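Since the structure comes first, as structure tokens, the remarks are kept for the end.
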Amino acid sequence: MQNRDSIGHVTGKSVYVDDIPEQKGTLYGKVFGSPIAHGILKKIDVSDALKTPGVEAILTAADIPGENQIGGIIPDEVLFADEKVEFHGQPIAFVVAKDELTARKAAAKIIADIEPLEPITDPRIAKEKGLLLFPPNTFSSGDIDAAWKDCFHVFSGQAELNGQEHLYIETQGAYAYPTENDGIKIHSSTQGPTHVQHTTAHVLGIPMHRVEVDVTRLGGGFGGKEDQATAYACMAALAARKLKKPVKVILHRMDDMQMTGKRHPYSADYRIGLDKDYKIVAYEATLYQNGGAASDLSPAVLDRSLFHSTNTYFIPNTRITGYSCKTNLPPNTAFRGFGGPQGMFFIETAIARAAHELNIPAKTIQKKNLLQENDSFLYGQVAKQVNIQSCFDTLNKHDDLDSLQKEVDDFNKNHQLFKKGLAVMPICFGISFTKTTMNQARALVHVYHDGSIGVSTGAIEMGQGVNTKMIQVAAQTFSVSPDRVKVETTNTTRVSNTSPTAASSGADLNGKATQIACTAIRERLLELAASKLNSQKSELSILNEWVYQDNKQTTIHWNELVKEAYLERICLTENGHYATPVVHFNTKTKKGHPFAYHVYGASAWLVTLDCLRGTYTFDKVEVVHDFGNSMNFNIDRGQAEGALVQGLGWMTMEELSYDAEGVLKSNSLSTYKIPDIYSVPKELNIIPLAANGPEPAILRSKAVGEPPLMYGIGAYFALYNAIKAFNPKAPFETDAPMTPEKALMLLYKG
Ligand code: MTE
Ligand code: HPA
Ligand code: MOS
């Protein structure tokens with residue numbers, strides 16, 4: 001089935017927050033952010049700004065009727081700075097005016113009297129000063145202290161890893177207006193409508209039922225709107241309630257880049273031990289997560305770094321400790337992979353380091369240590385339906401890695417100024433929210449008496465195609481044409497207490513809930529059909545809109561069946577509730593079964609490096625990815641390709657740059673380079689692994705949103721291998737991304 005949104009997207013008809021027809025009298029908000037990264041906020045003078053004609057109000061912390069608190073996991077984040085400012089761009093005031101330009105002009109007249117304090121941007125310095133957002137966390141397995149003596153080779157080092165800007169095409173925004181009965185309605189570009197609803201209610205000091213949040217779709221989220229859409233929804237709602245008028249806020253791109261959190265940069269110390277046969281015996285790492293000025297989702301992101309710190313390898317002895325360091329940057333947040341990419345980057349660094357010292361290809365170590373069926377992860381879960389070896393085997397069948405390596409070696413022998421590099425990147429990603437409670441979803445399904453179907457779920461469409469998948473689930477469960485099914489907006493009054501659409505679990509959780517609701521209605525319809533046909537329900541089924549008895553078509557069509565059910569006063573609506581079975585995790589012992597299943601895959605990256613310029617082209621990427629039984633291969637392949645290229649951008653070109661004052665210098669698209677069509681590998685093959693998906697995956701079609709991002713890590717090490725081919729003396733230094741500048745420096749270093 002084609003993605004339901006494609007035509008709307010290419011014709012410009014798809015509706016985003018800024019496209020919603022505005023009500024008469026709509027006002028526009030502009031956030032006034034802190035001009036410096038750290039200081040004591042002594043006074044805010046809005047008097048001049050307020051005099052600007054067209055300005056209706058300027059709201060600050062003093063105007064909040066509820067609590068000035070928006071922290072999601074830990075209550076440590078204010079909506080508006082009151083006593084201190086802790087990052088450049090931190091919201092201090094919200095200017096509301098008759099149009100956007102007026103609001104902007106007025107905001108420029110606000111004077112914030114701030115006594116500057118020294119900003120900290122480096123997580124290691126923050127850690128030294130004892131600035132942690134929350135207590136450190138450690139995962140361990142085996143007996144690491146005893147294990148080192150069994151190691152034949154031990155290597156240690158330090159690695160730096162930069163963050164990443166989400167760069168969703170639609171910036172953060174919200175449109176809020178008062179409704180009757182003391183209510184407020186918010187159209188928010190959020191992945192978490194319930195988070196918006198709950199936090200807004202808290203800030204406004206009203207119960208959740210007064211706040212209705214509605215989401216049609218997002219112009220991308222990538223995790224950046226799991227929590228961080230909330231602040232702007234709160235501001236619009238606060239102003240709308242105060243002024244009793246509709247208020248809209250849409251961030252300017254440069255404000256969005258400056259004010260919002262990103263993928264967490266990390267710094268790490270690692271130590272890896274191997275035996276004579278290159279089996280990894282021990283792995284220890286200390287991670288310094290750059291959390292920014294408030295916790296936001298950092299505790300959960302750090303957890304996932306620990307969960308994925310052994311990637312797809314079995315390592316018997318481990319100890320990984322993570323510190324979340326408080327710095328004067330915007331609070332960093334969810335970003336596709338949610339800490340997993342960082343955890344996986346460091347084990348790959350440790351392996352590449354060992355390979356470098358031992359003068360063998362990293363692939364030799366990678367392949368020797370692949371996870372096997374029934375191996376335990378460091379968090380205690382026993383690995384089942386492990387597909388990583390089959391991914392490698394399929395990859396080899398498609399493109400023999402040894403002959404590819406030989407081609408690379410031959411090329412490098414015959415070329416002076418161009419060198420090729422090859423790297424292999426396997427992945428293993430756990431599917432489920434690591435916080436067990438969040439693994440639940442609901443769907444509200446109506447069958448209208450003309451036979452058409454309306455489906456509401458908690459899932460947010462953000463380009464990943466979840467709405468199309470929901471249509472497929474409903475259509476397949478009823479065995480009717482997908483044209484009969486409409487997916488409604490995501491609305492907190494229809495589907496409540498939603499988890500954000502995140503953790504790649506949107507289709508699984510909401511699809512299962514939809515399936516449960518549709519199945520319940522279908523069973524009622526079949527019961528009715530049985531009474532009409534004087535038969536047993538067990539003999540009946542619906543197939544392509546007709547009732548079948550013992551595999552023979554009857555005279556009852558879907559339309560008649562539904563109409564008859566209505567006339568007989570049978571309920572044609574159902575609320576399906578799904579909670580992922582089996583998942584559990586003990587946060588004290590750090591052991592359990594947190595994931596419903598794992599997604600596996602293997603990729604091979606081939607790059608050509610221009611050794612005079614430091615520039616490079618990716619010639620080819622081969623991926624064997626475990627989709628399970630993909631329910632929509634066009635969508636899933638699109639997810640794999642998009643994630644892979646996003647990972648490539650993170651690893652090779654996207655460079656966040658803050659100055660010593662904590663001001664983001666890379667705050668526009670002219671200073672922050674994301675991949676474009678020219679950066680995409682010339683040849684990119686996504687080969688689905690032939691394997692059945694597990695039961696908790698919707699229609700056995702595995703979650704696909706995040707895992708392929710981590711293939712991008714292969715881009716970094718392919719480049720590193722090309723550099724080594726030119727300059728065998730190049731030191732092993734890890735500082736991602738490998739921009740052309742960094743590649744050039746390494747080409748001539750040592
Ligand atoms: N694809 C598009 N086009 N846009 C997005 O914002 N977000 C990613 C991924 N794919 C995203 C995307 C992230 S971070 C997640 S968690 C999943 O989609 C969420 O959707 P799902 O759970 O339905 O896969
Ligand atoms: N993944 C993504 N988002 C989340 C998670 C997770 O595991 N936990 C809380 N938010
Ligand atoms: Mo995705 S980072 O879980 O929104």
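Just so we're aligned: the sequence shown equals residues 1 to 750 in the numbering used here. The C-beta atom is built at its ideal place from N, Cα and C for all residues, glycine as well. All of these numbers come straight from a predicted model, not from anything done at the bench.
Assigned secondary structure, residue i (DSSP; H/G/I helix, E/B strand, else coil)
i: residue 671; result: coil
i: residue 519; result: helix
i: residue 748; result: coil
i: residue 653; result: coil
i: residue 356; result: helix
i: residue 335; result: coil
i: residue 268; result: strand
i: residue 458; result: coil
i: residue 154; result: strand
i: residue 526; result: helix
i: residue 542; result: strand
i: residue 289; result: strand
i: residue 4; result: coil
i: residue 469; result: helix
Alpha helix (DSSP H) segment containing residue i, residue limits
i: residue 442; result: Residue 442 -> not in any alpha helix (DSSP H); beta strand (DSSP E) instead, spanning 440-447.
i: residue 234; result: 230-243
i: residue 401; result: 401-414
i: residue 724; result: 713-726
i: residue 299; result: 298-307
i: residue 390; result: 388-398
Residue i and residue j closer than 7 Å at C-beta
i: residue 194; j: residue 497; result: yes
i: residue 32; j: residue 329; result: no
i: residue 726; j: residue 747; result: yes
i: residue 20; j: residue 270; result: no
i: residue 310; j: residue 426; result: no
i: residue 137; j: residue 265; result: no
i: residue 168; j: residue 223; result: no
i: residue 245; j: residue 28; result: no
i: residue 133; j: residue 291; result: yes
i: residue 226; j: residue 594; result: no
i: residue 707; j: residue 599; result: yes
i: residue 172; j: residue 229; result: yes
i: residue 74; j: residue 81; result: no
i: residue 536; j: residue 546; result: no
i: residue 465; j: residue 635; result: yes
i: residue 675; j: residue 704; result: no
Boundaries (first-last residue) of the beta strand (DSSP E) holding residue i
i: residue 316; result: That residue, residue 316, is in no beta strand (DSSP E); it is neither H nor E in DSSP.
i: residue 752; result: This structure cannot speak to residue 752, because the chain is shown only from 1 to 750.
i: residue 425; result: 418-431
i: residue 616; result: 616-625
i: residue 553; result: 552-557
i: residue 116; result: 111-116
i: residue 683; result: 683-688
Among the options, the one whose alpha carbon lies nearest that of residue i
i: residue 515; options: 198, 504 and 575; result: 575
i: residue 485; options: 493, 279 and 470; result: 470
i: residue 657; options: 156, 46 and 262; result: 262
i: residue 34; options: 458, 218, 663 and 303; result: 663
i: residue 428; options: 717, 386, 115 and 47; result: 386
i: residue 450; options: 381, 395, 245 and 560; result: 560
i: residue 689; options: 28, 30, 398 and 288; result: 398
i: residue 235; options: 210, 186 and 220; result: 186
i: residue 212; options: 228, 192 and 220; result: 192
i: residue 572; options: 524, 587, 536 and 115; result: 524
i: residue 96; options: 241, 230, 198 and 70; result: 241
i: residue 454; options: 316, 489 and 479; result: 489
*Do the region 662-671 and the region 722-737 meet, that is, are 3 or more Cβ pairs less than 8 Å apart?*
no
*Do three or more CB pairs link the region 567-586 to the region 118-134 at distances below 8 Å?*
no
*If you pair each beta-carbon of the region 673-686 with each one of the region 604-619, do three or more pairs fall below 8 Å?*
yes
_Touch test, the region 559-568 against the region 518-537, Cβ-Cβ under 8 Å, three pairs minimum_ = yes
*Could you tell me whether the region 429-446 touches the region 457-473, where touching means 3 or more Cβ pairs closer than 8 Å?*
yes
_Three or more C-beta pairs under 8 Å: does that hold for the region 37-47 against the region 335-355?_
no
*Pair every Cβ in the region 694-706 with every Cβ in the region 402-418, then say whether three or more of these pairs are closer than 8 Å.*
no
_Can you confirm whether the region 351-360 touches the region 317-331 when touching is taken to mean that 3 or more C-beta pairs between the two stretches lie within less than 8 Å?_
no
_So, does the region 100-112 touch the region 276-287, judging by three or more C-beta pairs under 8 Å?_
no
*When the Cβ atoms of the region 710-720 are set against those of the region 417-424, are three or more pairs found closer than 8 Å?*
yes
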